[in-house]
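Right, one structure below, let's go through it.
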Amino acid sequence: MRKLIAPHIESFNYFVTSGIQQAIVDLDPIEIVHEDQKLHVWVSGIRIEKPSHKMMTTRLYPHQCREARLTYAGQLGLTISTQVETKAGLGSIQVYDKISGKVPIMLGSSSCNLNGLTPEQMIAVREEANEAGGYFIVNGLEKLFRMVIVQRRNYPICISRDVYAKNGPNFSNHIVNIRCVRPDQTSSTFTIHYQNNGDCSIRFKIMKRNYFLPLVITLKALVECTDREIYENLVCGEYDNTFLTDRVESLLREQATSPHKTHLACLAYLGSIFRVTLRPPERFTDVDVGRLLLKKYIAVHLGDDNRAKFNLLIFMVRKLYYRASGASVSENPDSLGTQEALLVGHVLNMVLKEKIWEFLESLKMLSSRATARSKTTVDFEDRTFFNDLLQKTADIGTKITYFLSTGNLVSPSGLDLRQTSGFSIAAERLNYYRFLAHFRGVHRGQFFAEVRTTSIRKLLPDSWGFFCPVHTPDGAPCGLLNHMTRRCSISESLRQVDPDVLTKLLFPIGLLSNNVISPKSVPVILDGCVIGSISPTQISNVETRIRQLKIKNSKIPDHLEVVVIRPGSNQYPAIYLFSGPARFVRPVLNLKFQKTELIGSFEQLYLNISVKKTEIQPHTTHVEKTPMNMLSLIAGLIPFCNSNQSPRNMYQCQMVKQTMGIPIHAFPFRNDTKMFRIQSPQTPIVRNEWHEKFHLDDYLTGTNAIVAVLAYTGYDMEDAMIINKSAFERGFGHGCVYKAEMVDLKDCFEESDPNRAWFCNVENDKVVEERLDRDGLPSVGQKLKFGDPYYSYWDDLQKKIVVKKFKGKEEAYVDGITPIGYGDNFQTKLDTFSKVYIRIRHNRQPTRGDKFSSRHGQKGTLAQLWPQINMPFTESGMTPDIIINPNAFPSRMTVAMLIESMAAKSGALHGHFVDSTPFKHDEKNTAVDEFGKQLVAAGYNYYGNEPMYSGITGEEFEADIFFGVVYYQRLRHMVKDKFQVRTQGARNPITRQPVKGRKLGGGIRFGEMERDSLLSHGAAFLIHDRLLNCSDIHKAWVCNGCGSILTPTVPQGYPMAICQSCLKEGVSSKLIPVVMPYVSRYLVNELAAMNIKSSFEVGENGMNHVKEKK
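In full-length UniProt numbering, the protein residues as written are 1 to 1110.
This is how it looks when you write it as structure tokens:
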């Protein structure tokens, strides 16, 4: 379990240890100028404490935050350094400490108080014995940061789209784009556009706005170089390639007319343009601003190494020219090879860095206001002045808590991300499988959920072994939310390759320096840095050597990704080496070295990997350890899933997450809003090794049921099923629903006086005294019905005891009472508590309409509880627990369910568990043959069929019945939660029609399609009953003279209505009562408000038609 959620915890550990330190290093100091003083301010230190109570006295544990609806967070401390500069020189450095709120702490991380506790100690602090963490507790709710797909870092990807041609008149549809990531995980993306005249432009963003730079000026601003040097680097000895040479010459010829020819001139030119946008210190010259621009927005992953940036730009332009000439093809940005995961620790570091920058900017603004208002000269060396500024700044921790609570990103820069919402989700504990699936899910991004294209949802072969092909939701998120396979992991944050170390290892075997220009050499790029080139004849030797070092040498991390694109392919040739974090990797067997090797999603595209050892060919480089590695944990638990139709496996991956199971074991200490629990779970007879490896016997979700496949009584039509009533009475499928309600007496009195109300019982009231304890709360085990006394308290303002009634319409039992104290008291000073959790339990026995499912996507509803004496029986006298219809199998092709029935039957007869590992059987060694022989050995039919007899007549059925054992799950979808019945109830005061909503006791909408259905059956009078009599029937008076229904009124004491309009005009009229829907009167009123008069012509038998006049 801990390995499955390791990416979340490792990235957060990086955040609280190295990440925050790297973030403040990259932040430039701010300068505050006042008269002849200049104050330099920077953040010199940062820390995140472990969660604790106020005043840092005792540790704070997660269960306390769940109960008190608090955030499990640690204090964020900033060390602010200042230095005053005057004409006399620099003053001494002064240090200030600032507590800027609290940052939520991930459970199980190095900053969590649960870290390192044994299972016994976990239980002592009211947690699960095997609690692994990986999520946050924000305002008492468990929140999980969802991994999101982003573009692979430091990789120049070539894309062709028509939309890029809209950037300008000469722009083409070809670009090269690279997402550059700094050591602190913040990123900046820039793009090189190819223009139809051969020129190239660089596009990047500052505060969400696009800016363009000329290519040649940028190259000259990076390093001191001549046009000849740029020409030689771009052409790279390919003088015969006229397409390339013509465009490079055109590029340089156009730049020759520019007055900016030298290195400093180009820097000054860029600085003069971007001075207003970047807002640098006043002392910066244009050259300094130009250097700042290149450092902050161009190839930021290379830091201050401008020569490396120059080499990278040369490589990207060459790749772009190759695409424009047709020598290479575009790459697919939707391929997993060009993508990586966005992890929680990296995003938090990005957000925190920006919030610290906003904090420094707010200090600058506040100081400017303070100096402007002050009538005397402000002394920057006065600590009181700066302490006052620090007190006025906003808490950073509050903003991060909001981000994790809502998942909404509030950022002025956008943080180089395409989405602003959907980053965090609720970590639901409907059952253990659903909770576990959250940590393995990877979403494409909220931005793509609104894109009307199917290309981003397609299951590409590139994701083989990394994303499960069947574990994705059906419906709107299909293809957008994927789940990592069981053996897929994510590269760590702190294990990257040092370029100097790798260069020294590769130089002896043919690595050429960047200074050597060879026409046919293949460039070598390590994490976005061009470290040299390789002769095509040495590519195989270099690849073999790197893989050998990767497997055996500790100097190179085992997750190093080696991507070799050879000359002659349809892509630009290069050798890419990736050692950065957040990449998808998985283990395979390297055939040459006969050892396990971790390969990446991009690397896999250029390897020859066999699924089975029997498929190995001479050109095969790797082989899968087991075919099961293509499946996620949940998909791999489906018995013999390779024998099922693929959509059925997909349905099971979703339904197992809707099953009533055992989500947790710490039920007495949990007060979740809603939780399901199965009462009589069993371990499945048919399971594979993963079931035991992940201790899933502790979190069971179903029961082994004896299933007969036959058409019996007609109640089993259309996926309905019949359950043996005796099996039901023995507890089959029984479950319960826990609901917790918080009762807070602070809602009844002023917060300034916490002693205004307290829980107590009523004296001299036998009904209340019998139902409630002395403390005014119900006793544990108390049965509650609608209208029963629920709790009582003394209201000191009204000087009386208030009794609250139970409002639930379903019978319930009090399962637990958890009092919550004030502040740090929690449960230590219960005499002051005014907040309490009342946890109630609803017993949910299976009823007609409840949903059940096997582990193969064969879902059905309970149609009838059939008495055992009427159930069919076998020769040995056994009766089935469940009867399902044979028509459920032919169209769905869930052959694995039939195999499970035979396997579980043989396992029950021989007394052992059966291995259900998929891909274990083949055409020569079939599952039917294996389990058929076991059934024959036990004295049963080879195919699992048995003669059965009718429980009603006692006669033997003409055909043998397929009879076996199948593991069945009860789903959370129950009739008691969904049925909606109404005779009379609340109505909308405006339209006088029944309100909608089950909670409000509303009705079910009778819409246009329902009307058409009744008309087709000739039930017109039923429509009249539904849409009029049972809805908004209304008696209206219509004036026969003016045709209005608004002017007739019935004065007090008059038996009939009088038309006020006709009465004023002295016209006699006759008023006729008409029955109509009240919404018609409402429509006439709305038309009148728009100065549209509606008149009705009424005949002797009623209304004829309506006329409208403006």
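Each residue gets a CB set at the ideal place from its N, CA and C atoms; glycine is no exception.
Extent of the continuous alpha helix (DSSP H) to which Phe315 belongs: Your numbering for residue 315 matches position 315 in the sequence shown. Run containing Phe315: 306 to 325, per the alpha helix (DSSP H) assignment.
Phe852 beta carbon less than 8 Å from that of Ala682: Locating residue 682 in the sequence shown gives position 682, where the first residue counts as 1. Locating residue 852 in the sequence shown gives position 852, where the first residue counts as 1. This sequence places Gln at residue 682; Ala is not what is there. No.
Cβ pair count under 8 Å reaching 3, the region 660 to 678 against the region 55 to 67: Under the 8 Å Cβ criterion, the region 660 to 678 counts as touching the region 55 to 67, having at least three qualifying pairs.
Phe667, enclosing alpha helix (DSSP H) - first and last residue: Sequence index remark: in the sequence shown, residue 667 carries index 667 (1-based). Unbroken run through Phe667: none, as it is neither H nor E.
Unbroken beta strand (DSSP E) run spanning Arg279, endpoints: Reading the sequence shown from its first residue, position 279 is the one you call residue 279. Taken as a continuous stretch (DSSP letters only), Arg279 belongs to no beta strand (DSSP E), as it is neither H nor E.
Thr393 and Ser368 closer than 8 Å at C-beta: What you label residue 393 is simply residue 393 of the sequence shown in a count that begins at 1. What you label residue 368 is simply residue 368 of the sequence shown in a count that begins at 1. Taking 8 Å as the Cβ cut-off, Thr393 and Ser368 do not qualify as a contacting pair.
6 Å Cβ shell around Asp227 - same chain, five flanking residues per side excluded: Here the question's residue 227 lines up with position 227 in the sequence shown. Contacts found: Leu252.
Close beta carbons around Val709, own chain, < 7 Å, minus the five adjacent residues each side: Walking along the sequence shown from the start, residue 709 turns up at place 709. Excluding positions up to five away in sequence, the list reads Ile884, Pro886, Ile961, Phe962.
Close-in-space but distant-in-sequence residues of the same chain around Ile546 (CB under 7 Å, 5 per side omitted): Residue 546 sits at position 546 when you count from the first residue of the sequence shown. Once the five neighbours on either side are set aside, the close Cβ partners of Ile546 are Val562.
Sub-8 Å separation of Val707 and Gly964 beta-carbons: Looking up residue 707 in the sequence shown gives position 707. Looking up residue 964 in the sequence shown gives position 964. At a Cβ-Cβ threshold of 8 Å, Val707 and Gly964 count as neighbours.
Close Cβ partners of Pro1073 (< 7 Å) along its chain, the five nearest in sequence each way excluded: Residue 1073 sits at position 1073 when you count from the first residue of the sequence shown. Lys1035, Trp1037, listed in sequence order.
Nearest neighbour of Cys1062, chosen from Asn1085, Gln94, Leu107, Gly1043 [CA to CA]: In the sequence shown, counting from the first residue as 1, residue 1062 sits at position 1062. Ranking the options by Cα distance to Cys1062, first place goes to Gly1043.
Residue range of the unbroken alpha helix (DSSP H) whose run includes His8: What you label residue 8 is simply residue 8 of the sequence shown in a count that begins at 1. DSSP places His8 inside the alpha helix (DSSP H), whose first and last residues are 6 to 14.
Identity of the residue in Ala221, Val289, Asp288 nearest His260 by Cα: The count along the sequence shown starts at 1 and reaches residue 260 at position 260. If we check each option's Cα against that of His260, Ala221 comes out closest.
DSSP bridge partner residues for Phe136 (one or two, in chain order): The residue given as residue 136 occupies position 136 in the sequence shown. According to DSSP, which records beta bridges pairwise, Phe136 is partnered with Lys143.
Three-state class that DSSP yields for His174 in the structure shown: By one-based count along the sequence shown, residue 174 stands at place 174. In this structure, His174 counts as strand in the three-state DSSP scheme.
Sequence-distant residues of its chain with Cβ nearer than 6 Å to Ser110 (five each side left out): Taking the sequence shown and counting its residues from 1, one reaches residue 110 at position 110. Excluding residues within five positions, the ones whose Cβ falls inside 6 Å are Asn13.
Best match in Ile882, Gln858, Ala903 for proximity to Thr894 [C-alpha to C-alpha]: Residue numbering aside, residue 894 sits at position 894 when the sequence shown is read from its first letter. Answer by Cα proximity: Gln858.
Run of the alpha helix (DSSP H) containing Thr894, from where it starts to where it stops: Against the sequence shown, residue 894 aligns to sequence position 894. Where Thr894 is concerned, there is no enclosing alpha helix (DSSP H), given that its DSSP letter is neither H nor E.
Per-residue burial, Arg452 [other beta carbons within 10 Å of its own, 16 or more giving buried]: Here residue 452 is taken as the residue at index 452 of the sequence shown, counted from 1. With fewer than 16 Cβ atoms within 10 Å of its Cβ, Arg452 is classed as exposed.
For Ala1088, three-class secondary structure by DSSP: Counting from one through the sequence shown, the residue named residue 1088 turns up at place 1088. Three-state DSSP puts Ala1088 in a helix.
Rounded C-alpha distance that separates Glu1097 from Asn1040: Against the sequence shown, residue 1097 aligns to sequence position 1097. Against the sequence shown, residue 1040 aligns to sequence position 1040. Glu1097 and Asn1040: Cα-Cα distance of roughly 7 Å.
Three-state secondary structure assigned by DSSP to Gln339: Taking the first residue of the sequence shown as position 1, residue 339 is located at position 339. It is a strand residue.
Inside the UniProt domain "RNA polymerase Rpb2" (1002 to 1096) only - beta strand (DSSP E) runs reaching at least 3 residues: 1033 to 1039, 1071 to 1077
Contacts around Gly860, its chain only, beta-carbon distance under 8 Å, and the 5 residues preceding and following it disregarded: For this step, residue 860 is matched to residue 860 along the sequence shown. The beta carbon of Gly860 is closer than 8 Å to those of Asp719, Ala720, Met721, Lys851, Phe852, Ser853, Ile884, Ala888 in its chain, skipping five residues each way along the sequence.
Residue interval of the beta strand (DSSP E) (run including Ile820): Taking the first residue of the sequence shown as 1, we reach residue 820 at position 820. Looking at the DSSP string, the run of the beta strand (DSSP E) that includes Ile820 is 812 to 820.
DSSP state of Val524 mapped onto helix, strand, coil: Sequence index remark: in the sequence shown, residue 524 carries index 524 (1-based). Here Val524 sits in strand by DSSP.
At least 3 beta-carbon pairs within less than 8 Å: the region 166 to 177 vs the region 3 to 21: no
Rounded distance between the beta-carbons of Ser513 and Gly528, thought under 8 Å: Start at 1 with the first residue of the sequence shown, and residue 528 comes out as number 528. Start at 1 with the first residue of the sequence shown, and residue 513 comes out as number 513. With a Cβ gap of about 18 Å, Gly528 and Ser513 do not count as contacting.
Coil, strand or helix - residue 1112 by DSSP: Look at the range of the chain in this structure, 1 to 1110, and you will see that residue 1112 is not part of it.
Burial state of Asp831, where buried means 16 or more other Cβ atoms lie within 10 Å: By one-based count along the sequence shown, residue 831 stands at place 831. Low per-residue confidence applies at Asp831: pLDDT is 47, beneath 50, and the placement is therefore not dependable enough to give any value.
Per-residue burial, Arg844 [other beta carbons within 10 Å of its own, 16 or more giving buried]: For the purposes of this step, residue 844 is taken as the residue at position 844 of the sequence shown. Under this definition Arg844 is a buried residue.
N- and C-terminal bounds of the alpha helix (DSSP H) containing Tyr699: As a working mapping, residue 699 is identified with position 699 in the sequence shown. First-last for Tyr699: undefined, no H or E at that position.
N- and C-terminal bounds of the beta strand (DSSP E) containing Asp744: Taking the sequence shown and counting its residues from 1, one reaches residue 744 at position 744. Note, Asp744: beta strand (DSSP E), 735 to 744.
Enclosing alpha helix (DSSP H) for Ala937 [first to last residue]: Locating residue 937 in the sequence shown gives position 937, where the first residue counts as 1. Its alpha helix (DSSP H) spans residues 927 to 937.
As assigned by DSSP and simplified to three states, the class of Leu607: One-based indexing of the sequence shown puts residue 607 at position 607. Leu607: coil per DSSP, three-state reduction.
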